[in-house]
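Peer 1: Encoded as structure tokens, here's the structure I'll be asking about.
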Amino acid sequence: MHHPASEAFDTQRRRTRRIGTCVVHALCDGAGTFFEPLSSAFPDAGATDLASAAALDPDAFLPDDRWRLHFHAFLIRPREGGAILIDAGIGPANAPAAAWAPTPGRMPENLTSWGVAPDDVDVVLLTHLHSDHVGWSVVEGRPYFPNARYVVPKADHDAVEKLNQRVREAILTPLAATGQLDLVEESVRLGPGVTTVPTPGHTPGHTSALLQSGNDAVLFSGDAVLNALQLVAPRVAYLFDDAPEAARAARLALLEQARLRGAWLATSHLTDPFVRV
Numbered sequence: 001m002h003h004p005a006s007e008a009f010d011t012q013r014r015r016t017r018r019i020g021t022c023v024v025h026a027l028c029d030g031a032g033t034f035f036e037p038l039s040s041a042f043p044d045a046g047a048t049d050l051a052s053a054a055a056l057d058p059d060a061f062l063p064d065d066r067w068r069l070h071f072h073a074f075l076i077r078p079r080e081g082g083a084i085l086i087d088a089g090i091g092p093a094n095a096p097a098a099a100w101a102p103t104p105g106r107m108p109e110n111l112t113s114w115g116v117a118p119d120d121v122d123v124v125l126l127t128h129l130h131s132d133h134v135g136w137s138v139v140e141g142r143p144y145f146p147n148a149r150y151v152v153p154k155a156d157h158d159a160v161e162k163l164n165q166r167v168r169e170a171i172l173t174p175l176a177a178t179g180q181l182d183l184v185e186e187s188v189r190l191g192p193g194v195t196t197v198p199t200p201g202h203t204p205g206h207t208s209a210l211l212q213s214g215n216d217a218v219l220f221s222g223d224a225v226l227n228a229l230q231l232v233a234p235r236v237a238y239l240f241d242d243a244p245e246a247a248r249a250a251r252l253a254l255l256e257q258a259r260l261r262g263a264w265l266a267t268s269h270l271t272d273p274f275v276r277v
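Below, the structure is given as structure tokens:
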């Protein structure tokens with residue numbers, strides 16, 4: 001018998017992990033088909049790799065060489081209180097990602113469902129400045145999280161015109177005007193047990209994050225991993241990586257760290273936000 005309420009509970013359960021004294025919620029801001037065919041996005045992928053990846057994340061592999069992305073942000077709630085947000089989704093209808101991503105996203109409803117208001121968020125890490133990771137940072141010209149420190153990789157800030165010309169005007173300039181923009185170059189502490197992990201390559205300053213609490217850990221991969229293909233064949237290059245060799249090295253190191261720590265990998269674009277590697 002089909003039980004919609006049970007199914008909804010199971011979906012929420014799969015989107016939440018308790019990591020020591022912290023709770024991590026995956027917030028899916030939307031899902032949609034990518035504009036670049038799979039075969040050109042990952043031109044070096046072989047048939048065996050593709051079959052293994054499709055078995056790992058079948059919902060992401062569509063007919064006619066198309067592939068589906070989910071757009072996840074992650075909410076960390078430490079026992080001490082407050083909230084840390086890893087990435088800011090695709091954003092409202094007029095966000096910079098609207099040209100290609102399924103805006104408007106669902107960030108406001110997602111936060112409300114977990115009893116969190118924008119005022120409650122202390123820190124927002126933007127793993128990189130591609131438009132689908134920054135969308136809810138600023139809404140109608142004002143920071144959406146008015147009390148938050150926005151941690152942004154300096155190398156991406158300095159290269160933002162190359163990454164997305166709208167992001168400087170729509171996101172960075174308003175954050176700088178309110179004094180909420182915090183540009184970082186190395187590993188920094190975001191909150192209790194949460195630090196950034198530089199993983200450059202997808203963009204010049206791409207940054208992942210590690211939450212370690214007790215014996216539990218989760219690594220937030222950002223776009224170091226975009227598709228299950230990069231889990232089964234992590235050396236495969238991605239068309240839109242800024243520096244493919246650096247991106248490959250960062251991905252291999254991140255996956256190795258996840259294995260060594262026994263950590264969950266929190267993925268930005270796979271169907272299931274939390275995976276084991």
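For reference, each letter of the sequence shown is one residue, going 1 to 277 in UniProt numbering. Backbone N, C-alpha and C fix where the C-beta goes; we use that ideal spot for every residue, glycine too.
Tell me whether residue 251 is buried or exposed, calling it buried when 16 or more other Cβ atoms sit within 10 Å of its Cβ.
Peer 2: By the 10 Å Cβ count, residue 251 comes out buried.
Peer 1: Nearest by alpha-carbon distance to residue 62: which of 71, 87 and 51 is it?
Peer 2: The residue with the shortest Cα to Cα distance from residue 62 is 51.
Peer 1: With a Cβ-Cβ cutoff of 9 Å, do residue 254 and residue 213 count as a contact?
Peer 2: Going by C-beta atoms, residue 254 is not nearer than 9 Å to residue 213.
Peer 1: Give me, in chain order, the residues of the same chain whose beta-carbon lies closer than 8 Å to that of residue 93; leave out the 5 immediate sequence neighbours on both sides.
Peer 2: Around residue 93: 103 and 104.
Peer 1: State buried or exposed for residue 115, treating a residue as buried only when at least 16 other CB atoms are found within 10 Å of its CB.
Peer 2: Exposed.
Peer 1: I need the DSSP call for residue 180, collapsed to helix, strand or coil.
Peer 2: Residue state, collapsed to three classes: coil.
Peer 1: Given the structure, does residue 112 come close to the ligand HEM, in the sense that its CB is under 8 Å from one of the ligand's heavy atoms?
Peer 2: Although the ligand HEM was asked about, the structure shown includes no ligands whatsoever.
Peer 1: List the DSSP bridge partners of residue 188.
Peer 2: According to DSSP, residue 188 bridges with nothing at all.
Peer 1: Any chance you could list the alpha helix (DSSP H) runs of at least 4 consecutive residues sitting entirely within the segment 188–234, in chain order?
Peer 2: Taking only runs of at least 4 residues, the alpha helix (DSSP H) segments lying wholly in the segment 188–234 are 229–232.
Peer 1: Which residue wins for smallest C-alpha separation from residue 127, given the options 195, 25, 277 and 208?
Peer 2: Looking at the Cα atoms, 208 is the closest of the given residues.
Peer 1: On a Cα-Cα basis, can you pick out the residue from 79, 271, 199 and 26 that is closest to residue 107?
Peer 2: When only C-alpha atoms are compared, the closest one is 26.
Peer 1: Given a cut-off of 9 Å, decide if residue 90 and residue 29 are closer than it, judged by their beta-carbon atoms.
Peer 2: Yes. Within cutoff.
Peer 1: Let me know the secondary structure DSSP gives residue 25 once reduced to three states.
Peer 2: Here residue 25 sits in strand by DSSP.
Peer 1: Going by C-alpha distance, which of 181, 141, 190 and 146 is nearest residue 166?
Peer 2: Nearest of 181, 141, 190 and 146 to residue 166, Cα basis: 141.
Peer 1: Suppose contacts are defined by Cβ-Cβ distances below 9 Å. Is residue 77 in contact with residue 274 by that definition?
Peer 2: Not a contact, by the Cβ cut-off of 9 Å.
Peer 1: If you check the beta carbons only, do residue 43 and residue 237 fall under 9 Å apart?
Peer 2: In this structure, residue 237 lies closer than 9 Å to residue 43 by Cβ.
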